[in-house]
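Enquirer:
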Amino acid sequence: MPWPSETQRDTEVFGLIDKERERQNTGLQLIASENFTSPDVMEATGSVLTNKYAEGYPGKRYYGGNAVVDDIEALAIERVKKLFGAEHANVQPHSGASANMAVYLGLIKPGDTVLGLSLDHGGHLTHGSPVNASGILYNFQSFRVGATDERLDFDQIRELAIKHKPKMIVAGTTSYPRRLEPQPFRAIADEVGALMMFDIAHIAGLVAGGAHPNPVPYADVVTFTTHKTLRGPRGGCILTTAAHAAAIDKAVFPGSQGGPLEHAVAAKAVAFHEAMQPSFKDYAQQIVKNASALAEALSKQGFRLVSGGTDTHMMVVDLQPFDAELTGKESQLILDEAGITLNKNNIPNDPRSPFVTSGVRIGTPSVTTQGMKEPEMALIAEYIATTLRNRTNPAAVAEVRAKVAALCAKFPVYPKRA
Ligand code: DSN
């Protein structure tokens, strides 16, 4: 074989991958959109399927040699349809952003009006941010969370829908800790004659595991990523009613993507299989229980939870009552030093910029995969508070780092090379 010999192996990259495995093994991974995939998902992702070109769909490919790939993609489609009760699925989107852009391309026209949640109130870049293609190509109008309860305000959404007459209403969030009921969105969409798109990127695993209402029976189209609570490979997926199937497939390929990543499609199929197992229901329930326990413990440590708490896998923490000087940016940096990984996040109506912020976002999907439960959530809250209280004291931060490593050692994720 003309590949490099063992002695010529790229030790630089593989050394760095080893370092990253060590980081994931020894620290607390609390980024709400991350998870630990199974070795099977990783094996499919690293399989020979990465070698294959397969433009088109099962049974209708542009290149030869796709009989096996057809079976794999058909399996992924059948599994995800069954998992969510959908009429049609497209498993080819490379990411959630690609999935969302394909939906806009397929179902509306540039310049059309769309209603979505503002990014700084918990929405997503692709829900109309002015710096994203969604906001550049389409006329997005944003709704915001309520001033006092920090929850979606369906009276406001309805008023905006009546005023702007959108072609589409986008439900879905990236930093909103509460349940997203699909029925009120459907009712408003029907009242103004809009399509309803539901982006369940964050909560797909909760929906699959029965820990969050399923919007599939209500929405025209549902998009999601496969790598967050669903615990699959990095990638996207679109579910639609039969009426929109052809338009969505055309918008993904050839509309916005070329060759699909069939190694990722195979890994998605594996993840869908894993999400169908009874144990996944327990997992999804435990994610929510852990989030609720962590939110309560953080609140006892003096933090304020945006909207007062969480019903999902995540919470947004307002740092101001804990320490008015403390920013999300500084918290993220110092917590990283203590082996606690999370992200800075704007709170609703944040006086600070998105690069600084007055809050952090915390999620429990990864630590729940590790097997941590409510008692560990109390420890995590204590470690976070101790680190932030002692942020100018390196010895105290190092002490927390050691405690974090000891806790993670009790819940090993990837003990050997995966
Ligand atoms: N970057 C993802 C998140 O962290 O929520 C959204 O795309």
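Here the numbering used here = 1-based position in the sequence shown + 3. The beta-carbon is built from N, C-alpha and C at its ideal position, and this holds for glycine as well. Predicted model, so just to flag it, every value in this text is computed and none were measured.
(1) Going by alpha carbons, who is nearest to L140 out of I383, I206, V407, M104?
(2) Taking Cβ positions, are A250 and G119 nearer each other than 8 angstroms?
(3) The alpha helix (DSSP H) spanning I165 covers which residue range?
(4) For a test of the three-state rule: what should DSSP assign to K55, helix, strand or coil?
(5) Can you tell me the Cβ-Cβ gap for I387 and L338, rounded? I've got them flagged as a contact below 8 angstroms.
(6) Would you check whether the ligand DSN has a heavy atom nearer than 7 angstroms to the C-beta of T204?
(7) Taking 7 angstroms as the cut-off, does the CB of G99 come closer than this to any heavy atom belonging to the ligand DSN?
(8) Between I160 and G175, what straight-line distance do the alpha-carbon atoms span, to the nearest angstrom?
(9) With respect to the alpha helix (DSSP H) encompassing R189, which residues constitute its N-terminal and C-terminal limits?
(10) Suppose you measure from the CA of A164 to the CA of T48; what does that come to, to the nearest Å?
(11) Answer with buried or exposed for M4, where buried requires no fewer than 16 other C-beta atoms within 10 angstroms of its C-beta.
(12) Tell me the rounded alpha-carbon separation between V106 and P169.
(13) Could you give the first and the last residue of the continuous beta strand (DSSP E) run that contains N217?
(14) Rounded to the nearest angstrom, what separates I203 and F227 at their Cα positions?
(15) Per DSSP, what kind of secondary structure is L233 in: helix, strand or coil?
(16) Rounded to whole angstroms, how far is the Cβ of G312 from the Cβ of S295, which I believe are closer than 8 angstroms?
(17) If the criterion is Cβ atoms closer than 8 angstroms, does the pair A29 and G262 meet it?
(18) What are the residues that DSSP puts in a beta bridge with C240?
(19) How would the residue list near the ligand DSN read, in chain order, if you kept each one whose beta-carbon is closer than 5 angstroms to any heavy atom?
(20) Would you call E76 buried or exposed, if buried means 16 or more other Cβ atoms sit within 10 Å of its Cβ?
(21) Taking the straight line between their C-alpha atoms, what separation do you get for G196 and L242?
(22) Expressed to the nearest angstrom, what Euclidean distance is found between the alpha-carbon atoms of M171 and A246?
(23) From the DSSP output, in three-state form, read off F325 for me.
(24) Report the start-end ranges of each alpha helix (DSSP H) in the segment 22-73 that is 4 residues or longer and not cut off at the edges.
(25) Helix, strand or coil for R82 per DSSP?
(26) In whole angstroms, what separates the C-alpha of V148 from that of G125?
(27) Buried or exposed: where does V363 fall if 16 or more other Cβ atoms within 10 Å of its Cβ makes it buried?
(28) Which two residues bound the contiguous alpha helix (DSSP H) that contains L110?
(29) From S369, L264, D314, pick the residue whose C-alpha is nearest to that of E58; which is it?
(30) Go ahead and pull the three-state DSSP assignment for A388.
(31) Please confirm whether F414 and G374 have their CB atoms less than 8 angstroms apart.
(32) Let me make sure I understand the geometry here. Which of L301, V71, M317 has the alpha-carbon closest to that of Q289?
(33) Got a sec? Which residues, its chain only, sit under 8 angstroms from P7 by beta carbon, not counting five neighbours each side?
(34) Tell me whether the beta-carbon of P220 lies closer than 8 angstroms to the beta-carbon of G88.
(35) From the DSSP output, in three-state form, read off I365 for me.
(36) Pop quiz: V94 and A79 are said to be a contact at Cβ under 8 angstroms. What is the actual Cβ separation, rounded to whole angstroms?
Expert: Straight from the coordinates:
(1) With distances taken between Cα atoms, L140 lies closest to M104.
(2) Cβ distance not < 8 angstroms, so A250 and G119 don't count as in contact.
(3) Run containing I165: 157-167, per the alpha helix (DSSP H) assignment.
(4) DSSP places K55 in coil when its eight states are reduced to three.
(5) Taking a contact as a CB-CB distance under 8 angstroms, the pair I387 and L338 counts as one, their CB atoms being some 7 angstroms apart.
(6) It is worth fixing the name first, because residue 204 is Ala in this sequence and not Thr. True, at least one ligand heavy atom lies under 7 angstroms from that Cβ.
(7) Correct: G99 has its Cβ closer than 7 angstroms to the ligand DSN.
(8) The C-alpha of G175 is placed about 13 angstroms away from the C-alpha of I160.
(9) Per DSSP, R189 belongs to the alpha helix (DSSP H) from 185-195.
(10) Distance from the CA atom of A164 to the CA atom of T48, rounded to whole angstroms, is 42 angstroms.
(11) Exposed: under 16 other Cβ atoms inside 10 Å.
(12) Taking the straight line joining both Cα atoms gives about 15 angstroms.
(13) For N217, there is no enclosing beta strand (DSSP E), as DSSP marks it with neither H nor E.
(14) Near 5 angstroms, if we compare the C-alpha coordinates of F227 and I203.
(15) The answer is coil: DSSP assigns L233 none of H, G, I, E or B.
(16) That pair is a contact at about 7 angstroms.
(17) A small fix is needed here, since residue 29 is Thr in this sequence, not Ala. Contact: no.
(18) In the DSSP secondary-structure assignment, C240 is bridged to F227.
(19) The set of residues with a C-beta under 5 angstroms from any non-hydrogen atom of the ligand DSN comprises S36, T177, given in chain order.
(20) Classification of E76: buried, given that the 10 Å Cβ count is 16 or more.
(21) Straight-line measurement puts the Cα of L242 at about 20 angstroms from the Cα of G196.
(22) The alpha-carbon atoms of M171 and A246 are separated by roughly 16 angstroms.
(23) Correct three-state label for F325: coil.
(24) Every unbroken stretch of the alpha helix (DSSP H) spanning 4 or more residues and falling wholly within the segment 22-73 is given here in chain order: 42-48.
(25) For R82, the three-state secondary structure derived from DSSP is helix.
(26) Between the alpha carbons of V148 and G125 lies a gap of roughly 8 angstroms.
(27) Buried.
(28) In the DSSP assignment, L110 falls within the alpha helix (DSSP H) that extends over 99-110.
(29) The option with the nearest alpha carbon to E58 is L264.
(30) It is helical.
(31) Cβ atoms of F414 and G374: closer than 8 angstroms.
(32) Looking at the Cα atoms, M317 is the closest of the given residues.
(33) Once the five neighbours on either side are set aside, the close Cβ partners of P7 are D13.
(34) In this structure, P220 sits near G88, with a CB-CB distance shorter than 8 angstroms.
(35) When secondary structure is reduced to three states using DSSP, I365 falls in the strand class.
(36) Yes, they are in contact, since the Cβ atoms of V94 and A79 sit about 5 angstroms apart, within 8 angstroms.
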